[in-house]
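Protein chains in written order, with our numbering: chain A, 41 to 363; chain B, 1357 to 1730; chain C, 37 to 367.
A virtual CB, placed ideally from N, CA and C, is assigned to each residue, including glycine.
Only a predicted model underlies this, so the values are computations on that prediction, with no experimental measurement involved.
This is how it looks when you write it as structure tokens:
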């Protein structure tokens, strides 16, 4: 009798079975494995370096998590990065804005682009996938037209601090990302705004009838997505010291992969910032670790593709067993 | 609603077309960059005359380990992997490595020509610790920070095919001078379509640095030596064969008899243009001149649709780059040198301060096309 | 008593069919209208040769869009199709060059396309992994795999009879034949066959579909398999059009195909749309691309203009549908 009680008493705590935890465990295992193969992988210098590369997609992944939680999606983020990068350079060089104003202008353009997405999605009710596929083409085209395919370079030294500088050894952009991760995590977890996102994703009609300002919330997240893309553009231009209209190409897929890997359901209603962070870290460190171990570029993307499917498979089947 | 939507769309298109028509009346050819050009002389004398010597302007590694005579490990990070051109440069590097005996070269890079990805690849190899980096840059300025990081870690940096800013690398092996390509292309076209022919250009994208330079040099040279030839327009078609084919076909249909020649600026645009001319039944009536790798052009050279293909030998390019790197590590190629020994290629000259010139462009024709396989 | 207009019970989709028919009509009008407008500016646009070239050069997109429409109508999406077409084209060409019988080099891509897509469909349907994740992973696998195996080597020396796209049937070139047949057969099947209508049901409301006796999982698997078939057909047209095959993933192709499906009226919410619409949309997008060159839009602005037109079309489609819904079922 006591054995039966004892057997029943131990049930794995709920947090252990969450998608994020399972993913974190897979991540740790992968890191240890890769670290065993290669002694340069798990060094502080390398990891901080990778932090630099994570930042651009990381910044965009935060509002993307919000958007996917509401059941939407935003495929135009990469194009907005390109557009903002172009606007940064263009307004500085051609309009003659002082550089700080040019930066603000670029961020404004990003927010505006996101706002247009959100406005048409909420007012005209174009489905997000369709709207952002169309604006993907439009914003990229605008970037090309405005820039006339020219790059803008030759920025003053202080401008490069964000992308290339460090604060007490930590890359500057990584600090920015960490701060925003905390803000986003708190917003999602602790505010009514965050709860509204989950409600909208779970059942939008019910949310509307509960007097939640559904349209306003959606408008905000899409605008934030554009703003984050603008921020990412600023970091990117600062890191590579030039602007190109094709900057950000493919970011949307990288960001969505990280968010979905992190356990956010593409159907909406669930997901955490923490999961997104793990997803981001996992993909970047996997690519880095494989490269350091000597796996070439083409094989690496095959491994990443397999890893993506497998991780989601494992995590979701373990979760379903719990149900 | 439908009618008003259509009317407003039509009106928008009208307005756009007039606006855009005005915009495209700019003096610069579409697809050219803004850097200063230096067209060569119109006759054949230009080829032999070397440019005036410039002081060395490359970067230098910080405290590189002394590996003179010892085995070195190099990484080659081209614009992208998985295209014939960089397979060929890679092969040249492997050939050189085998000849030298104390060089190991690995080719690795992004699967798409994205500068951001290329930077990450180079960064990973810096962390792994290589002795030298060979690169072909997707963007000359964007690649500079990571190359300078390599230099600061004592890693040697030599570029080929697509340059970076000079201070980010020690040497750059240039396949051909930009103005040499400009001259070669325009002269070939003029020979085929005459001094008052009109032509159009098919390129990949306007942001590819080499292509933009070539178009700018072609324009400068044409204005100087073939002023009556008429440039009609430039179209972009990414790096997709089918898209380029469609664009070239559109040009042929748009201009009809007015179009006498098509320039292909990449190894995708040229075969696609040749295909468009073939499909339109205009072989012999519309000339196709361009840069391309030989394999893709075989069918069109064999039917005489294309007379000759301009390129350099990418295998030689990779080969030379490896020899240059070896010479740099061995201390045989120092800033201020005027030439370098490159194995079977003999002595290559230093031009423009820190560039090493491969030699004159190589012309592929029906006669020699079968000797190559890339 | 005035007859309250309700969808005729004899054919539940007929009201929907009529509703959807106008998106196709809108597209058809746009195609003709655009041709006239551009023809006024540059009459060479209307030359038979040019119009034929527009159709021929882009038929492969329309064929692939048929399969993609089915996938989207069933409530899923696929972003690996571009890479798959690249792989299948390479396989087809490689077989032909290696001396395999021409029929083999034409049929293997179809079989392979079905196999790869069915595998993805199985993962989506039975393992319940979202389609966007599976196809995103598969995209990387196909792209990397293609480079690893071929190194991007051009396939040349294709045998003369390989070029399916150069043949014609009763004077109509093969690409157009394939495009029209694929669209027509798919459209009829989806409208009249129970399995075809099951796709709409699965996409619209899987639970309700299940209660009506439709097996959503099997339907999704079937949809992906069919999508693979159409991708294979598209790859055939793609590969046999030119004398050389680039062994790479066509850049941005999946986006073009999805755009064609979406502009064609297929709703991402599932359950709505037709393949006729997606074919017309593919033709319209191809026509716009050509038109922009003919009317001298600056090449730096062509992508922006095209993006704006696509956005306008999409908005117009949604507004039109809302207007219809507001008017209810009244005739």
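query: Does any residue of chain A bring its CB to less than 8 Å from the CB of residue 1428(B)?
result: no
task: Give the interface partners of residue 330(C) over in chain B, defined as CB-CB distance under 7 Å, in chain order.
output: 1610
message: Distance check for residue 108(A) and residue 177(C), CA to CA, integer angstroms please.
response: 25 Å
field: Neighbour flag for residue 166(C) against chain A, beta carbons, 8 Å
entry: yes
message: Suppose only complete runs of 3+ residues qualify. What are the beta strand (DSSP E) ranges in the stretch 1457 to 1521 of chain B, listed by chain order?
response: 1459 to 1463, 1488 to 1491 and 1512 to 1516
message: Could you check if residue 1416(B) belongs to the surroundings of the ligand COA, using beta carbon to heavy atom distance under 7 Å?
response: No copy of the ligand COA occurs in the structure displayed, which carries no ligand at all.
Contact belief for residue 141(C) with residue 128(C) at Cβ below 8 Å, rounded distance in angstroms: 5 Å
field: Short-range partners of chain A found in the stretch 1496 to 1508 of chain B, where Cβ spacing is below 9 Å
entry: 1496, 1497, 1498, 1499, 1500, 1501 and 1502
- prompt: CB residue 1646(B) to CB residue 1625(B), shorter than 8 Å?
  reply: yes
task: Please state whether DSSP places residue 209(C) in a helix, a strand or coil.
output: strand
message: Among the candidates 139(C), 322(C) and 326(C), whose CA atom is the shortest distance from the CA of residue 299(C)?
response: 322(C)
Sequence-distant residues of its chain with Cβ nearer than 7 Å to residue 326(A) (five each side left out): 70, 344 and 347
- prompt: Shorter than 8 Å from the beta carbon of residue 114(A) to some beta carbon of chain C?
  reply: no
field: Cα-Cα separation between residue 101(C) and residue 67(C), rounded to whole angstroms
entry: 17 Å
query: My guess is that residue 1496(B) and residue 1530(B) are in contact by the Cβ rule of under 8 Å, so how many angstroms apart are they, rounded?
result: Actually they are not in contact, since the Cβ atoms of residue 1496(B) and residue 1530(B) sit about 13 Å apart, beyond 8 Å.
Any C-beta of chain A under 8 Å from that of residue 1471(B): yes
message: Taking 8 Å as the threshold (C-beta atoms), are residue 286(C) and residue 1535(B) in contact?
response: no
message: The beta strand (DSSP E) that contains residue 1528(B), what's its start and end?
response: 1527 to 1530
- request: Ignore the nearest five residues each way along the sequence and tell me which others in residue 217(A)'s own chain have a CB closer than 8 Å to its CB.
  value: 91, 94, 95, 98 and 99
- request: Tell me, please, whether the stretch 1704 to 1719 of chain B touches the stretch 1660 to 1675 of chain B by the rule of three or more beta-carbon pairs shorter than 8 Å.
  value: yes
query: According to the neighbour-count rule (16 or more other Cβ atoms, all chains shown, within 10 Å of its Cβ), is residue 95(C) buried or exposed?
result: buried
task: Measuring alpha carbon to alpha carbon, tell me which of 172(A), 229(A), 228(A) and 223(A) ends up nearest residue 113(A).
output: 172(A)
query: Which residues in the same chain have their Cβ closer than 7 Å to the Cβ of residue 130(A), if we skip the five residues on either side of it in sequence?
result: 186, 187 and 192
- prompt: My guess is that residue 199(A) and residue 139(A) are in contact by the Cβ rule of under 8 Å, so how many angstroms apart are they, rounded?
  reply: 6 Å
According to DSSP, residues forming a beta bridge with residue 290(C): Residue 290(C) is not bridged to any residue.
- request: With a cut-off of 8 Å on the beta carbons, I'd call residue 1489(B) and residue 1431(B) a contact; round off their distance for me.
  value: 6 Å
query: Is it the case that the Cβ atoms of residue 260(A) and residue 111(A) are separated by a distance below 8 Å?
result: no
- request: Count the other CB atoms, across all protein chains shown, that sit within 10 Å of the CB of residue 221(C); report buried if there are 16 or more and exposed otherwise.
  value: exposed
- request: Inspect the beta-carbon positions of residue 99(C) and residue 260(C) and report whether they are closer than 8 Å.
  value: no
query: Going along chain C, which residues have a C-beta under 8 Å from residue 1728(B)?
result: In chain order: nothing, as chain C lies at least about 12 Å away.
task: Determine the direct distance from the alpha carbon of residue 235(C) to that of residue 166(C), and round the result to whole angstroms.
output: 17 Å
query: Ends of the beta strand (DSSP E) at residue 1692(B)?
result: Neither: residue 1692(B) is in no beta strand (DSSP E) and is coded neither H nor E.
task: Look up residue 1668(B) in the DSSP assignment and say whether it is helix, strand or coil.
output: coil
query: Which residues in chain A sit within 9 Å of residue 1483(B), going by Cβ to Cβ distance?
result: 80, 81, 83, 85, 86, 89, 328, 331 and 332
query: Would you report the Cα separation of residue 297(A) and residue 178(A), rounded to the nearest angstrom?
result: 23 Å
field: residue 1705(B) - containing alpha helix (DSSP H), residue span
entry: No alpha helix (DSSP H) contains residue 1705(B), which is instead part of the beta strand (DSSP E) from 1703 to 1707.
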